[in-house]
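Take the sequence shown: its position 27, counting from 1, is numbered 27 in the UniProt record's numbering, and each next residue is one higher.
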Amino acid sequence: MPFEEVTQKSAHHPKPVGLVLQYGTAGFRTCAKKLDHIMFRMGLLATLRSKKTKATIGVMVTASHNPEEDNGVKLVDPMGEMVTPAWEGYATELANAEQEGLLPTLKDLIEREAIDMAQEANVFVGKDTRCSSESLSKAVMDGVCALGGHYNGLVTTPQLHYLVCCQNTQGRYGEATIKGYYQKLSQAFIQLTKNVPNRTDDQKTLLVDGANGIGALKVSEMETYLKKELQLSLFNDGSSGKLNHLCGADFVKVQQRAPKGVEISAGERCCSYDGDADRIVYYYTDSASRFHLLDGDKIATLISTYLKDLLTQAGLDLQIAVVQTAYANGSSTRYLEDVMKVIVRCTKTGVKHLHHAAQEFDIGIYFEANGHGTVLFSKLAEEKIQQLARDSNANDERKRAAFTLHNTINLINQTVGDAMSDMLLIEAVLAIRGMTVQQWDAIYTDLPNRQLKVKVADRRVIDTTDAERRTVRPEGLQEAIDLLVKKYRRARSFVRPSGTEDVVRVYAEADTQVGLRGGEHNLPCGET
Ligand code: NG1
Ligand code: ZN
Numbered sequence: 001m002p003f004e005e006v007t008q009k010s011a012h013h014p015k016p017v018g019l020v021l022q023y024g025t026a027g028f029r030t031c032a033k034k035l036d037h038i039m040f041r042m043g044l045l046a047t048l049r050s051k052k053t054k055a056t057i058g059v060m061v062t063a064s065h066n067p068e069e070d071n072g073v074k075l076v077d078p079m080g081e082m083v084t085p086a087w088e089g090y091a092t093e094l095a096n097a098e099q100e101g102l103l104p105t106l107k108d109l110i111e112r113e114a115i116d117m118a119q120e121a122n123v124f125v126g127k128d129t130r131c132s133s134e135s136l137s138k139a140v141m142d143g144v145c146a147l148g149g150h151y152n153g154l155v156t157t158p159q160l161h162y163l164v165c166c167q168n169t170q171g172r173y174g175e176a177t178i179k180g181y182y183q184k185l186s187q188a189f190i191q192l193t194k195n196v197p198n199r200t201d202d203q204k205t206l207l208v209d210g211a212n213g214i215g216a217l218k219v220s221e222m223e224t225y226l227k228k229e230l231q232l233s234l235f236n237d238g239s240s241g242k243l244n245h246l247c248g249a250d251f252v253k254v255q256q257r258a259p260k261g262v263e264i265s266a267g268e269r270c271c272s273y274d275g276d277a278d279r280i281v282y283y284y285t286d287s288a289s290r291f292h293l294l295d296g297d298k299i300a301t302l303i304s305t306y307l308k309d310l311l312t313q314a315g316l317d318l319q320i321a322v323v324q325t326a327y328a329n330g331s332s333t334r335y336l337e338d339v340m341k342v343i344v345r346c347t348k349t350g351v352k353h354l355h356h357a358a359q360e361f362d363i364g365i366y367f368e369a370n371g372h373g374t375v376l377f378s379k380l381a382e383e384k385i386q387q388l389a390r391d392s393n394a395n396d397e398r399k400r401a402a403f404t405l406h407n408t409i410n411l412i413n414q415t416v417g418d419a420m421s422d423m424l425l426i427e428a429v430l431a432i433r434g435m436t437v438q439q440w441d442a443i444y445t446d447l448p449n450r451q452l453k454v455k456v457a458d459r460r461v462i463d464t465t466d467a468e469r470r471t472v473r474p475e476g477l478q479e480a481i482d483l484l485v486k487k488y489r490r491a492r493s494f495v496r497p498s499g500t501e502d503v504v505r506v507y508a509e510a511d512t513q514v515g516l517r518g519g520e521h522n523l524p525c526g527e528t
């Protein structure tokens with residue numbers, strides 16, 4: 001009987017009495033020491049989800065950009081997407097059941113979802129390079145084995161999403177192996193760049209900050225497949241430095257400065273991954289040593305300009321939209337709406353919200369300002385592009401554009417934001433358009449902005465509305481923000497409780513740096 005095994009094995013992964021954790025923006029995430037029982041139980045839950053959907057489910061052990069001491073876990077649904085809200089609820093219930101309540105909670109869930117326990121289960125488990133990931137992923141496997149499963153080892157978060165999607169689409173999305181992932185991406189990249197005339201070594205060279213994480217390991221594996229069409233100088237490769245410490249995409253974005261350990265010369269193109277390689281930001285320093293950041297908003301703008309032009313050349317009437325969050329720089333939104341004339345949507349923070357909104361369009365480009373994002377093509381859009389590429393009556397220009405679009409689709413990991421895939425896409429776009437990083441940066445100028453973390457006694461007292469751009473609780477907070485914002489030109493500010501850390505995030509932007517500083521004096525609590 002599987003239940004006996006559950007009881008037996010769960011005794012090796014006891015829950016600390018009274019500990020309550022919530023399945024948040026990116027699953028469970030906290031200090032690694034508190035997570036052993038959560039991992040075991042997520043192994044159980046993933047197995048049930050697999051039985052329910054009759055498909056392979058993913059479990060990723062990572063805490064992304066959080067410090068090395070933290071860890072986390074999230075579930076990946078059959079098409080590589082985040083698990084549904086109902087199952088997020090089950091995850092929280094299962095995680096918080098006291099030891100003796102585990103089996104009744106599990107049985108109740110099986111009954112509510114009418115799960116056939118005789119159904120076979122398949123679970124892919126991935127982990128990042130954190131010290132704690134080894135034993136925590138074993139705890140997941142214990143849970144999986146108690147009810148049936150499979151192990152994949154070290155992968156980036158997006159690679160796990162890719163593997164799950166390939167497995168469940170019988171290879172239509174690609175081969176369900178890491179080699180298949182490298183081959184798909186690198187072949188598309190080589191196809192896109194092979195006809196670009198006079199690509200210099202400078203254009204082919206990119207500095208990569210691997211944040212001392214799994215991305216560093218995996219990008220060097222991929223490099224051989226790229227056949228020198230892209231040459232990477234890898235820094236923070238995990239050989240000596242600490243994960244995410246003074247490096248990585250989050251550090252670069254929030255601090256707005258270059259990471260430690262990267263030797264940058266003026267004008268050189270650099271990028272940083274985060275700890276599980278699902279985010280990327282670009283940057284360079286100019287001849288006056290000024291640092292220039294090209295974040296998720298700049299990436300979304302570059303990609304949407306490229307795709308919009310290709311659609312025009314192909315003569316395809318497909319609706320294109322960009323999905324952002326409240327953290328998107330006001331200049332980017334203005335540029336996208338007023339100059340590019342594309343639809344812009346704003347959703348709550350967290351990729352699942354952006355992903356969902358992007359699915360409503362023929363082509364949905366979504367990026368969080370922190371560099372997490374991808375592009376989604378609807379079935380109809382993919383079919384129209386394929387048809388045109390095969391159409392013998394279409395003229396050369398239209399067909400060429402259709403081929404380029406086809407290879408672009410193959411280069412993109414549509415399951416989730418992917419630092420390696422996004423990097424290749426950006427490199428291909430810059431090459432095809434013959435653009436330097438400075439020209440890309442000059443598309444629009446960011447409004448000066450600041451993002452701060454504030455520690456408060458209970459962050460849950462803050463309630464927000466309008467895609468988190470306004471607060472409804474505590475009373476008087478929004479009015480106070482409005483009063484301050486009114487004093488400055490093109491100013492915007494909002495606060496929201498973080499879904500991944502015990503802090504409140506404060507964001508502000510205005511037309512000048514001075515305007516911003518004026519706002520800072522009035523922060524209610526000590527900033528960190
Ligand atoms: P929270 O902690 O809820 O702000 C952060 C990021 C999100 C997302 C998640 C998951 C910011 C402001 N927030 O969420 O965009 O990436 O982590 O990793 O960057
Ligand atoms: Zn991440």
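Here a beta-carbon is modelled for each residue, glycine too, at the ideal position from N, C-alpha and C.
Burial state of L35 is buried, judged by a 10 Å Cβ sphere holding 16 or more other Cβ atoms. With 16 or more other CB atoms across the displayed protein chains lying within 10 angstroms of its CB, N449 is buried. By the criterion of a C-beta distance shorter than 7 angstroms, A401 is surrounded in its chain by L310, Q313, A314, once the five residues flanking it on both sides are discounted. Judged by their CB atoms, G126 and G72 are not nearer to each other than the 8 angstroms cut-off. Of the candidates F291, G275, K253, the residue whose Cα lies closest to the Cα of S265 is F291. Among the bridge pairs identified by DSSP, P497 is matched with V504. For Y283, the uninterrupted beta strand (DSSP E) run begins and ends at 280-285, by DSSP. Look at G275: its beta carbon is less than 7 angstroms from one of the heavy atoms in the ligand ZN. Per the CB criterion, closer than 6 angstroms to any heavy atom of the ligand NG1, the qualifying residues run in chain order as T25, A26, S64, Y327, T349, G350, E368, N370, H372, S498, G499, T500, E501, R505. The straight-line gap separating the alpha-carbon atoms of Q478 and T347 is approximately 19 angstroms. Three or more Cβ pairs closer than 8 angstroms define a contact, and the region 426-446 falls short of that threshold against the region 316-325. Note that the region 379-393 does not touch the region 124-144; fewer than 3 beta-carbon pairs, one per stretch, sit closer than 8 angstroms. Between the region 333-340 and the region 9-26, the count of C-beta pairs closer than 8 angstroms stays below three; the two stretches do not touch. A direct Cα-to-Cα measurement between R398 and N195 gives close to 16 angstroms.
One thing to note: P158 has its Cβ no nearer than 8 angstroms to the Cβ of N407. In this structure, L243 is the residue among L243, N236, V59, E229 with its C-alpha nearest to the C-alpha of E69. For R345, the enclosing beta strand (DSSP E) begins and ends at 343-347. With respect to R459, V503 sits close: the two C-beta atoms are nearer than 8 angstroms. Relative to the non-hydrogen atoms of the ligand ZN, the Cβ of R279 comes within a distance shorter than 7 angstroms of at least one.
Look at T157: its beta carbon is less than 7 angstroms from one of the heavy atoms in the ligand ZN.
In the displayed model, D463 falls within a strand according to three-state DSSP. In the three-state DSSP reduction, Y173 falls in the coil class, being neither helix nor strand.
Between T30 and the set R505, E501, A508, V506, the nearest pair of CA atoms involves E501.
In this structure P85 is not in contact with T56, their Cβ atoms being roughly 21 angstroms apart against a cut-off of 8 angstroms.
The three-state secondary structure of H406, taken from DSSP, is helix. The beta carbon of D286 lies closer than 8 angstroms to those of A266, G267, H292, Q438 in the same chain, with the five residues before and after it left out. Contact annotation: L103 and Y90 have beta-carbon atoms that are not nearer than 8 angstroms. Within the same chain, and ignoring the five residues on either side of D237 in sequence, the residues whose Cβ sits closer than 6 angstroms to its Cβ are G210, A216. Closest in alpha carbon position to C247, among Y273, M222, S239, is Y273. Taken in chain order, the whole beta strand (DSSP E) runs of length 3 or more contained in the region 108-177 are 122-127.
Distances from the CA of R490 to each of V219, A510, K379 were compared; the closest alpha carbon is that of A510.
As for any beta strand (DSSP E) of minimum length 3 sitting wholly inside the region 55-107, the runs are 56-61, 70-76, ordered along the chain. Shown here for P2: same chain residues with a beta carbon closer than 6 angstroms to its own, the five before and five after excluded, namely L147 in chain order.
DSSP places R473 in the uninterrupted beta strand (DSSP E) bounded by 470-473. The continuous stretches of beta strand (DSSP E) do not include V416, and DSSP gives it neither H nor E. Taking 8 angstroms as the upper bound for CB-CB distance, Q359 and L376 are in contact here, some 6 angstroms apart.
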